[in-house]
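Peer 1: Counting in full-length UniProt numbering, the sequence shown runs from 1 upward without gaps.
Ideal Cβ placement from N, Cα and C applies to all residues, glycine included.
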Amino acid sequence: MPLALFGGAGEGTRVADIFIACSRLDLDRVKPVTDRLNSLGYSVWCDSAAALAHPDEVDRELEAAKAILAVWSVNAANTVSVIAQASDALDAGKLLQVRIDASPPPQPFHTIATADVSGGEWGVLEDALKRLVRNGEAPSHETRAPGLLAHTPAAGAPLLLTIALVAVLAAFSGAVTATFNDVMSVAQLQIALIGMLGVAGACAALVVHRYTTLTRAEGG
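1. Apply the 10 Å Cβ neighbour rule to Ile18 and answer buried if 16 or more other Cβ atoms are within range, or exposed otherwise.
2. Please state whether DSSP places Gln97 in a helix, a strand or coil.
3. May I ask which residues mark the beginning and end of the beta strand (DSSP E) holding Ala70?
4. Would you mind stating whether Val15 and Glu61 have Cβ atoms separated by less than 7 Å?
5. Can you list, in chain order, the residues of its chain with a C-beta nearer than 7 Å to that of Ala155? Leave out the 5 residues immediately preceding and following it.
6. Inspect the beta-carbon positions of Ala76 and Cys22 and report whether they are closer than 7 Å.
7. Using only alpha-carbon positions, find the residue among Ser173, Ala70 and Ile100 that is nearest to Asp116.
8. By DSSP's criteria, Trp45 is part of a beta bridge. Which residues make up the other side?
9. Helix, strand or coil for Asp91 per DSSP?
10. Between Trp72, Ala65, Asp35 and Ala171, which lies nearest to Asp25 when the distance is taken from Cα to Cα?
11. Just to check my reading of the structure: Arg29 and Trp122 have Cβ atoms closer than 8 Å, yes? What is that Cβ distance to the nearest angstrom?
12. Just how far apart, CA to CA, sit Gly147 and His110?
13. Distance, Cα to Cα, Ser43 vs Arg131?
14. For Ala64 and Pro104, what's the separation of their Cα atoms in angstroms?
15. What does the Cβ neighbour count give for Ile112, buried or exposed, with the cut at 16 atoms within 10 Å?
16. Does DSSP put Asp182 in a helix, a strand or coil?
17. The alpha helix (DSSP H) that contains Arg60, what's its start and end?
18. Taking the alpha helix (DSSP H) that Lys31 falls in, what are its first and last residues?
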């Protein structure tokens, strides 16, 4: 058996310490992770390796595991089941993350601390597992400082876009009115319109970026 699986046929109600959420395409690369965890005394259940597992069994393992380890890669980032399981784990306060290639986790998980085991960051993972599995301490999920193109949370993005578009329309209306009343010259109106088009273009770019990301996630 390539990975340590508990809760399958003949195992009764036994559940594993750690539920691993990963892409089936990554099983060979995930095996060193499971081997490392087994060597530390943790029992592991890997959903992608248990291809014949009943959905109820998967749900039971997911709910009962003390920690859920999302193994991110370019494949996992485009796998709906991995994203869904990571979301459940985040809500339950037992999500830990590693990545096995240079591809970052998908949003919103890319803002959460992720150990790069491809670069040898085993200590970070092992410390987090010890606190969560052995001591029952939920991860803090401290986020990285957002960059210039950092993702805006799903709940806030539509609101920000709406505010920006309303502001552009209001500015356009005001500029046209000012020009009509001879308060603003035609040249000034043209400059204002260029600025408004820039804001509208930025909003459109954000919409395209958000749509592309959601399409990738749903298409996994």
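Peer 2: On the basis of the data shown:
1. Position 18 of the sequence shown, counted from the first residue, corresponds to residue 18. Counting Cβ neighbours within 10 Å, Ile18 comes out buried, since at least 16 surround it.
2. As a position in the sequence shown, residue 97 is number 97, starting the count at 1. DSSP places Gln97 in strand when its eight states are reduced to three.
3. Here residue 70 refers to the residue found at position 70 when the sequence shown is read from its first residue. Segment Ala67 to Trp72, the beta strand (DSSP E) holding Ala70.
4. Taking the sequence shown and counting its residues from 1, one reaches residue 15 at position 15. Taking the sequence shown and counting its residues from 1, one reaches residue 61 at position 61. For Val15 and Glu61, yes; Cβs fall inside 7 Å.
5. Walking along the sequence shown from the start, residue 155 turns up at place 155. In this prediction, Ala155 has a pLDDT of 39, which is less than 50 and means its spatial position is unreliable; nothing more can be read from the coordinates.
6. Counting from one through the sequence shown, the residue named residue 76 turns up at place 76. Counting from one through the sequence shown, the residue named residue 22 turns up at place 22. Cβ atoms of Ala76 and Cys22: closer than 7 Å.
7. If you number the sequence shown from 1, residue 116 lands on position 116. Selected option, being the one with the closest Cα: Ile100.
8. Start at 1 with the first residue of the sequence shown, and residue 45 comes out as number 45. For Trp45, which the question treats as bridged, DSSP gives the partners Phe19.
9. The count along the sequence shown starts at 1 and reaches residue 91 at position 91. Asp91: helix per DSSP, three-state reduction.
10. For the purposes of this step, residue 25 is taken as residue 25 along the sequence shown, with counting starting at 1. At residue 25 the sequence reads Leu, which differs from the Asp that was named. Of the listed residues, the one whose Cα sits closest to Leu25 is Trp72.
11. Counting from one through the sequence shown, the residue named residue 29 turns up at place 29. Counting from one through the sequence shown, the residue named residue 122 turns up at place 122. So it is not a contact: roughly 15 Å between Cβ atoms.
12. Start at 1 with the first residue of the sequence shown, and residue 147 comes out as number 147. Start at 1 with the first residue of the sequence shown, and residue 110 comes out as number 110. Since pLDDT at Gly147 reaches only 38, below the 50 mark, its modelled position is unreliable, and the value read off the structure follows with that caveat. Taking the straight line joining both Cα atoms gives about 12 Å.
13. Residue numbering aside, residue 43 sits at position 43 when the sequence shown is read from its first letter. Residue numbering aside, residue 131 sits at position 131 when the sequence shown is read from its first letter. Approximately 16 Å between the Cα atoms of the pair.
14. Walking along the sequence shown from the start, residue 64 turns up at place 64. Walking along the sequence shown from the start, residue 104 turns up at place 104. Roughly 27 Å between the two C-alpha positions.
15. Residue mapping note: residue 112 aligns to position 112 of the sequence shown, counting from 1. It is buried - the Cβ of Ile112 has at least 16 other Cβ atoms within 10 Å.
16. For the purposes of this step, residue 182 is taken as residue 182 along the sequence shown, with counting starting at 1. If DSSP states are grouped into helix, strand and coil, Asp182 belongs with coil.
17. On the sequence shown, position 60 is the one that residue 60 refers to. Pro55 to Ala64 is the extent of the alpha helix (DSSP H) around Arg60.
18. Walking along the sequence shown from the start, residue 31 turns up at place 31. Its alpha helix (DSSP H) spans residues Leu27 to Ser39.
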